[in-house]
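Accompanying notes for the structure given below.
There are 4 protein chains.
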Amino acid sequence: MKDKLSNRQSEIINTAIKLIGEGGIQALTIKNISSEIGIAESALYRHFKSKTEVLSTLLDFLGVIIISHYENVNKLKISPFGKIEKMISGQLKIFAENPPYAIVILSDGLYKNEKLLYAKIFKIMEGAKSTFIKIIDEGKNTGEIRKDITSEQIAFVIMGSVRLTVNQWSLSGFSFDLKEKGKSLIKTLETLIQSS
Amino acid sequence: MKDKLSNRQSEIINTAIKLIGEGGIQALTIKNISSEIGIAESALYRHFKSKTEVLSTLLDFLGVIIISHYENVNKLKISPFGKIEKMISGQLKIFAENPPYAIVILSDGLYKNEKLLYAKIFKIMEGAKSTFIKIIDEGKNTGEIRKDITSEQIAFVIMGSVRLTVNQWSLSGFSFDLKEKGKSLIKTLETLIQSS
Amino acid sequence: MKDKLSNRQSEIINTAIKLIGEGGIQALTIKNISSEIGIAESALYRHFKSKTEVLSTLLDFLGVIIISHYENVNKLKISPFGKIEKMISGQLKIFAENPPYAIVILSDGLYKNEKLLYAKIFKIMEGAKSTFIKIIDEGKNTGEIRKDITSEQIAFVIMGSVRLTVNQWSLSGFSFDLKEKGKSLIKTLETLIQSS
Amino acid sequence: MKDKLSNRQSEIINTAIKLIGEGGIQALTIKNISSEIGIAESALYRHFKSKTEVLSTLLDFLGVIIISHYENVNKLKISPFGKIEKMISGQLKIFAENPPYAIVILSDGLYKNEKLLYAKIFKIMEGAKSTFIKIIDEGKNTGEIRKDITSEQIAFVIMGSVRLTVNQWSLSGFSFDLKEKGKSLIKTLETLIQSS
DNA sequence: TATGAATGAGAATTCATTCAT
DNA sequence: CATGAATGAATTCTCATTCAT
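Residue numbers (my numbering), protein chains in the order written: chain A, 1 to 196; chain B, 197 to 392; chain C, 393 to 588; chain D, 589 to 784.
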């Protein structure tokens with residue numbers, strides 16, 4: 001994982017993201033990236049040794065954003081439900097503001113033959129999951145969250161439904177208000193998992 | 197939508213499915229299909245007028261399998277929870293026995309530039325959702341399912357978590373027992389949505 | 393050269409002509425012809441042994457129409473100028489009513505590698521030319537046509553300008569009135585070649 | 589329209605011309621061009637973005653040659669008849685020395701589905717026509733050319749017969765002496781259009 | 001850092017034609 | 001007469017990558 005990106009590298013990653021946003025993963029070609037930036041295709045190889053490395057760095061970049069979002073929320077001094085609400089709404093806000101991020105996260109099947117890439121997506125999801133689990137455990141301790149289901153299962157259900165929401169938003173061509181949809185989802189999830 | 201497939205057409209669709217299973221959507225090329233069958237590439241065009249038509253027919257085929265599974269379950273004379281359990285477990289069984297089906301259903305992003313294909317996937321998901329909603333309504337009537345959440349939302353949460361399960365299974369290279377995982381998911385979902 | 397065409401053969405030739413009219417020579421494929429008629433591609437080979445034979449027959453058919461038009465005009469008991477006028481206007485009328493004929497006659501370059509086809513077009517043009525020459529000779533005898541230019545050269549100039557007219561009409565997408573344009577061309581040509 | 593061609597681009601255009609000369613428009617394929625030059629097919633796409641662009645550039649190139657020929661002749665301080673003679677003979681000389689040029693100019697029907705290409709050919713012909721008209725007007729002023737026919741019609745007759753000459757030369761496989769044929773045509777035309 | 005030129009492997013599709021039934 | 005299935009050669013074009021300058 002790259003530690004610090006050069007200006008050109010950042011530019012490449014940002015352009016890659018933009019291209020994905022405009023035309024999906026298929027639009028992400030070396031040619032498109034470089035002509036968008038205004039450099040030669042070969043120049044790109046000065047900054048990344050392969051297209052896979054571009055994608056890999058892109059995923060690192062995305063991972064940092066998402067994971068740090070989760071960690072920041074987790075550090076807040078608010079109730080577990082407040083945290084869950086903020087985690088979901090914040091995540092959806094990130095996607096709403098950067099649709100390409102959603103596309104990248106959802107295109108997992110594409111990376112199948114690139115174990116490295118798959119592993120990175122997997123890691124992001126695991127990071128999210130473990131944060132959720134921590135918060136749910138907290139909620140169980142305070143008595144707010146039901147104890148008859150394992151925290152992992154609860155986290156799983158939350159992530160599944162958030163993911164499906166994003167999925168449908170993406171397939172719809174980003175045509176509905178993701179944050180609005182998120183609000184009602186959050187309410188549903190809270191109702192489902194709160195102690196009775 | 198094709199009504200009845202010729203032998204060769206079925207063979208092509210089956211081969212396409214097999215190829216997807218082995219190498220993902222990227223492995224689905226005209227050349228691969230035809231050389232797997234043992235005919236010339238051009239021969240394939242006697243049976244389908246384009247690659248898109250192959251994919252489209254494949255999705256029709258898949259749709260019929262999935263939707264009829266849901267409908268069959270819905271016709272059973274069992275309790276709503278029984279139906280939900282059978283719907284999920286049956287669906288996962290289909291995927292467990294035919295991993296490529298899972299790949300096709302999950303690769304939605306890929307078809308972005310082919311509205312027709314996307315529409316077919318969408319229709320399959322809608323079909324599943326409406327069946328779920330009917331069953332949940334039934335469960336609310338019998339008093340088994342909680343009434344403080346709309347049926348649509350419940351269906352959404354169920355589908356999201358089922359989908360995520362399949363997703364992770366696919367990403368893991370089909371390495372864990374999907375049906376086993378499904379069983380605990382079903383238990384979780386039932387616990388979540390039953391009336392208290 | 394085929395003596396008498398079967399019904400199916402005529403149908404094929406007519407369809408070929410229609411296709412050329414609609415989409416140019418490139419639209420003339422075995423597949424297009426047969427699917428337009430509603431038979432299998434292979435069925436076409438019962439009636440013509442190759443695509444070249446289709447074209448060849450088509451040119452025969454066209455040749456008969458054009459040459460007989462010229463001969464008929466030549467048989468009329470009218471002045472040479474009357475004949476020239478009728479030859480040109482009649483020819484343009486045929487094209488105006490059957491634009492594909494014009495396309496076929498003008499697409500000579502296409503048949504370059506098919507000597508047979510080239511020869512047929514050449515023959516049609518020679519037939520026209522010799523009729524023109526005969527009429528011009530007549531006109532010289534009656535004193536109506538200038539004698540300071542060989543009949544062949546006059547015929548050549550006439551045919552060149554008629555051909556260019558048709559050419560431009562074809563390139564314009566048949567957008568102007570060919571017969572109208574023909575009238576002024578005829579007047580010009582008569583003025584040019586009459587005795588002073 | 590390209591302003592300045594790179595060496596490779598010129599090489600490609602020249603090769604394209606050569607191929608057309610040897611085998612007609614049908615011989616102009618990306619594969620033929622590239623293998624003739626000795627590069628990979630894909631390499632060609634570094635220099636032209638499509639085959640249409642190759643043809644388009646080729647027509648530009650041809651257009652410049654022809655139009656500048658006409659303009660140069662028009663600038664000469666000679667009589668109108670001298671100019672007409674030089675325009676025709678010079679044009680035929682160009683074709684005689686570069687038979688492929690003739691093929692390209694005459695293959696107009698082929699470009700029917702490529703409006704751009706057709707438009708270029710059209711423009712070349714219009715350029716030629718307007719120069720002819722100017723010269724004919726001049727000739728009318730000096731009294732050398734007959735005034736009973738519009739200059740446009742005269743230009744049309746000239747161009748039609750020149751074109752037919754080139755056409756027959758091309759169809760004959762470039763077998764006769766184009767310049768010789770041109771000389772007698774010029775004489776004919778002059779006789780036809782001079783004042784009596 | 002950057003470029004221009006090139007490459008090889010593929011990809012989807014078209015077309016005229018053949019042949020057994 | 002007609003068909004369905006198949007073929008092989010072409011064709012245009014794309015893509016990630018390399019390398020000398």
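Idealized CB from N, CA, C, for every residue including glycine.
Predicted, not measured: the structure shown is a model, and the values here were computed from it.
Legend entry - Among A:I135, A:K134, A:S107 and A:I136, the one whose alpha carbon lies nearest that of F122 (chain A): Residue 122 (chain A) sits at position 122 when you count from the first residue of the first sequence. With distances taken between Cα atoms, F122 (chain A) lies closest to A:S107.
Inset, instruction - Could you have a look at I537 (chain C) and say whether DSSP puts it in helix, strand or coil? - result: Residue 537 (chain C) sits at position 145 when you count from the first residue of the third sequence. Of the three classes helix, strand and coil, the one that applies to I537 (chain C) here is strand, per DSSP.
Inset, instruction - Give the straight-line distance between the Cα atoms of K619 (chain D) and L116 (chain A), rounded to the nearest whole angstrom. - result: In the fourth sequence, counting from the first residue as 1, residue 619 (chain D) sits at position 31. In the first sequence, counting from the first residue as 1, residue 116 (chain A) sits at position 116. Between K619 (chain D) and L116 (chain A), the C-alpha separation is close to 38 Å.
Legend entry - C-beta neighbour in chain B for M87 (chain A), strict 9 Å: If you number the first sequence from 1, residue 87 (chain A) lands on position 87. No - not a single Cβ of chain B is within 9 Å of the one on M87 (chain A).
Inset, instruction - May I ask you to list the residues that DSSP assigns as paired with Q205 (chain B)? - result: Here residue 205 (chain B) refers to the residue found at position 9 of the second sequence. In the DSSP output, where bridge partners are listed per residue, Q205 (chain B) has none listed.
Inset, instruction - Taking 9 Å as the cut-off, decide whether the C-beta atoms of V549 (chain C) and S623 (chain D) are in contact. - result: Taking the first residue of the third sequence as 1, we reach residue 549 (chain C) at position 157. Taking the first residue of the fourth sequence as 1, we reach residue 623 (chain D) at position 35. No, Cβ-Cβ distance for V549 (chain C) and S623 (chain D) is not below 9 Å.
Legend entry - First and last residue of the uninterrupted alpha helix (DSSP H) at K639 (chain D): The residue labelled residue 639 (chain D) in the question sits at position 51 within the fourth sequence. Note, K639 (chain D): alpha helix (DSSP H), K639 to K663.
Legend entry - CB contact check: M197 (chain B) to chain A, cutoff 9 Å: What you label residue 197 (chain B) is simply residue 1 of the second sequence in a count that begins at 1. Answer no: the Cβ-Cβ gap between M197 (chain B) and chain A never drops below 9 Å.
Legend entry - Any C-beta of chain A under 9 Å from that of G356 (chain B): Taking the second sequence and counting its residues from 1, one reaches residue 356 (chain B) at position 160. Taking Cβ atoms only, chain A reaches closer than 9 Å to G356 (chain B), which makes this a yes.
Legend entry - Contacts that D137 (chain A) makes with chain B (C-beta to C-beta distance below 7 Å): Along the first sequence, one-based indexing puts residue 137 (chain A) at 137. By Cβ distance, chain B contributes nothing, its closest Cβ being about 16 Å from D137 (chain A), past 7 Å.
Inset, instruction - Could you please give me the residues that DSSP links to Q782 (chain D) through a beta bridge? - result: The sequence position of residue 782 (chain D) within the fourth sequence is 194, counting from 1. According to DSSP, which records beta bridges pairwise, Q782 (chain D) is partnered with D:I733.
Legend entry - Length of the line joining the Cα atoms of L766 (chain D) and E506 (chain C): Position 178 of the fourth sequence holds residue 766 (chain D). Position 114 of the third sequence holds residue 506 (chain C). Taking the straight line from one Cα to the other gives about 23 Å.
Inset, instruction - With DSSP as the reference, label M551 (chain C) as helix, strand or coil. - result: Residue 551 (chain C) sits at position 159 when you count from the first residue of the third sequence. Residue state, collapsed to three classes: helix.
Legend entry - Span separating the alpha-carbon of L224 (chain B) from that of A628 (chain D): On the second sequence, position 28 is the one that residue 224 (chain B) refers to. On the fourth sequence, position 40 is the one that residue 628 (chain D) refers to. C-alpha separation (whole angstroms): 27 Å.
Inset, instruction - Give the residues of chain A in contact with Q349 (chain B), contact being defined as C-beta atoms less than 8 Å apart. - result: Here residue 349 (chain B) corresponds to residue number 153 of the second sequence, with the count starting at 1. Within 8 Å Cβ-Cβ: S184, L185 and T188.
Legend entry - Length of the line joining the Cα atoms of W169 (chain A) and S175 (chain A): Taking the first sequence and counting its residues from 1, the one referred to as residue 169 (chain A) is at position 169. Taking the first sequence and counting its residues from 1, the one referred to as residue 175 (chain A) is at position 175. One C-alpha to the other measures close to 7 Å.
Inset, instruction - Report the option in A:I66, A:R163, A:S56 and A:N98 whose CA atom is closest to the CA atom of E22 (chain A). - result: Within the first sequence, numbered from 1, the residue matching residue 22 (chain A) stands at position 22. For the residues A:I66, A:R163, A:S56 and A:N98, the minimum Cα distance to E22 (chain A) belongs to A:N98.
Legend entry - Where R163 (chain A) meets chain B, residues with beta-carbon distance less than 7 Å: Your numbering for residue 163 (chain A) matches position 163 in the first sequence. G356 and L360, listed in chain order.
Legend entry - Beta carbon of H461 (chain C) nearer than 9 Å to that of I497 (chain C): Walking along the third sequence from the start, residue 461 (chain C) turns up at place 69. Walking along the third sequence from the start, residue 497 (chain C) turns up at place 105. It is not a contact, given that the beta carbons lie outside the stated cut-off.
Legend entry - C-alpha distance - I221 (chain B) paired with I33 (chain A), whole-angstrom precision: For the purposes of this step, residue 221 (chain B) is taken as residue 25 along the second sequence, with counting starting at 1. For the purposes of this step, residue 33 (chain A) is taken as residue 33 along the first sequence, with counting starting at 1. Computed Cα separation, rounded: 24 Å.
Legend entry - Contiguous alpha helix (DSSP H) assignments of at least 4 residues, all confined to the region 470-535 of chain C: 472-489, 491-498 and 507-534
Inset, instruction - Look at the alpha carbon of K273 (chain B) and the alpha carbon of A292 (chain B), and state the distance between them as a whole number of angstroms. - result: As a working note, residue 273 (chain B) is residue 77 in the second sequence. As a working note, residue 292 (chain B) is residue 96 in the second sequence. Whole-angstrom Cα-Cα distance: 26 Å.
Inset, instruction - Reducing DSSP to helix, strand and coil, say where H635 (chain D) ends up. - result: For the purposes of this step, residue 635 (chain D) is identified with residue 47 of the fourth sequence, where counting begins at 1. Note: H635 (chain D) maps to helix in three-state DSSP.
Inset, instruction - Just mark E659 (chain D) as buried or exposed, buried being the case when its beta carbon has 16 or more other beta carbons within 10 Å. - result: Reading the fourth sequence from its first residue, position 71 is the one you call residue 659 (chain D). Exposed is the call here.
Inset, instruction - Just mark N7 (chain A) as buried or exposed, buried being the case when its beta carbon has 16 or more other beta carbons within 10 Å. - result: On the first sequence, position 7 is the one that residue 7 (chain A) refers to. N7 (chain A) should be labelled exposed.
Legend entry - Residues from the region 704-723 of chain D in contact with chain C, defined by Cβ distance under 9 Å: Y706, I709, F710 and M713
Legend entry - For S564 (chain C), three-class secondary structure by DSSP: Walking along the third sequence from the start, residue 564 (chain C) turns up at place 172. Three-state result, S564 (chain C): coil.
Legend entry - Nearest residue (CA-CA) to P668 (chain D), options D:N602, D:D725 and D:K708: Walking along the fourth sequence from the start, residue 668 (chain D) turns up at place 80. Out of D:N602, D:D725 and D:K708, D:D725 has the C-alpha closest to the C-alpha of P668 (chain D).
Legend entry - Min CB distance T225 (chain B) to chain A below 9 Å: Within the second sequence, residue 225 (chain B) is the residue found at index 29, counting from 1. Chain A contact via Cβ: absent.
Legend entry - For S380 (chain B), the nearest candidate out of B:L255, B:K271, B:L288 and B:S206 (CA to CA): Here residue 380 (chain B) is taken as the residue at index 184 of the second sequence, counted from 1. It is B:L288.
Legend entry - Exposure label - S238 (chain B); buried when at least 16 CB within 10 Å: What you label residue 238 (chain B) is simply residue 42 of the second sequence in a count that begins at 1. By the 10 Å Cβ count, S238 (chain B) comes out exposed.
Legend entry - Outcome for N363 (chain B) when other beta-carbon atoms lying within 10 angstroms are tallied against a minimum of 16: Residue numbering aside, residue 363 (chain B) sits at position 167 when the second sequence is read from its first letter. Result: buried.
Inset, instruction - Can you pull the chain B residues whose beta carbon is under 8 Å from the beta carbon of L5 (chain A), in chain order? - result: As a first step, residue 5 (chain A) is located in the first sequence; it is residue number 5 there, counting from the start. Ordered by position in chain B, no residue passes the 8 Å Cβ test against L5 (chain A), which lies about 26 Å from the chain.
Inset, instruction - Using 10 angstroms around the beta-carbon of K475 (chain C), count the other beta-carbons present and answer buried if the total reaches 16, otherwise exposed. - result: Within the third sequence, residue 475 (chain C) is the residue found at index 83, counting from 1. When all chains shown are included, K475 (chain C) counts as buried.
Legend entry - Within-9 Å CB hit, T779 (chain D) to chain C: Stepping through the fourth sequence from its first residue, residue 779 (chain D) is reached at position 191. Closer than 9 Å to some Cβ of chain C, the Cβ of T779 (chain D) qualifies, so yes.
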